[in-house]
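Residue numbering for the sequence shown follows my numbering, starting at 153 and increasing by one per position. Yeah, the Cβ is synthetic: ideal placement off N, Cα and C, and Gly gets one too.
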Amino acid sequence: MPEVSLSLQAKAEDHVEVVSATFNESEIDLLHRFDEFVVRVRKTTLLQRGMPAVTNIDWNVGEGTKWTCPPYKNNELH
Numbered sequence: 153m154p155e156v157s158l159s160l161q162a163k164a165e166d167h168v169e170v171v172s173a174t175f176n177e178s179e180i181d182l183l184h185r186f187d188e189f190v191v192r193v194r195k196t197t198l199l200q201r202g203m204p205a206v207t208n209i210d211w212n213v214g215e216g217t218k219w220t221c222p223p224y225k226n227n228e229l230h
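This is how it looks when you write it as structure tokens:
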């Protein structure tokens with residue numbers, strides 16, 4: 153099984169964390185598909201202009217969690 157190493161670094165920090173693991177071929181394929189999906193997500197208009205900040209979180213019985221943030225259009229997510 154191939155070993156994969158991922159280097160993780162926060163933008164504001166110099167410290168780099170390296171995580172290594174072995175994966176079978178189907179898991180490697182899943183990692184590739186995940187990476188392709190992340191590239192697509194990063195290209196969304198909403199992320200390009202900046203995600204709206206959550207200004208309130210509320211929860212009600214029967215309704216669940218309600219998040220309040222500045223408006224955005226659904227097409228900004230695609």
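* In whole angstroms, what separates the C-alpha of V202 from that of N226? -> Walking along the sequence shown from the start, residue 202 turns up at place 50. Walking along the sequence shown from the start, residue 226 turns up at place 74. Inspection of the sequence shows that residue 202 is occupied by Gly rather than by Val. Using only the alpha carbons, I get a separation of about 15 Å.
* To do: May I have a chain-ordered list of the alpha helix (DSSP H) segments no shorter than 4 residues that lie completely inside the stretch 195–222?
  => Here the runs fully enclosed are 197–201.
* Name, in chain order, the residues that DSSP records as bridge partners for S172. => What you label residue 172 is simply residue 20 of the sequence shown in a count that begins at 1. For S172, which the question treats as bridged, DSSP gives the partners S157.
* Compare the C-alpha of R194 against each of E228, T220, E215 and name the closest. => Numbered from 1 along the sequence shown, position 42 holds the residue referred to as residue 194. Minimum Cα distance to R194 is reached at E228.
* **Cut-off 8 Å between Cβ atoms - residues of its own chain near V206, not counting five sequence neighbours on either side** => On the sequence shown, position 54 is the one that residue 206 refers to. So the qualifying residues of the chain are W219, T220, C221.
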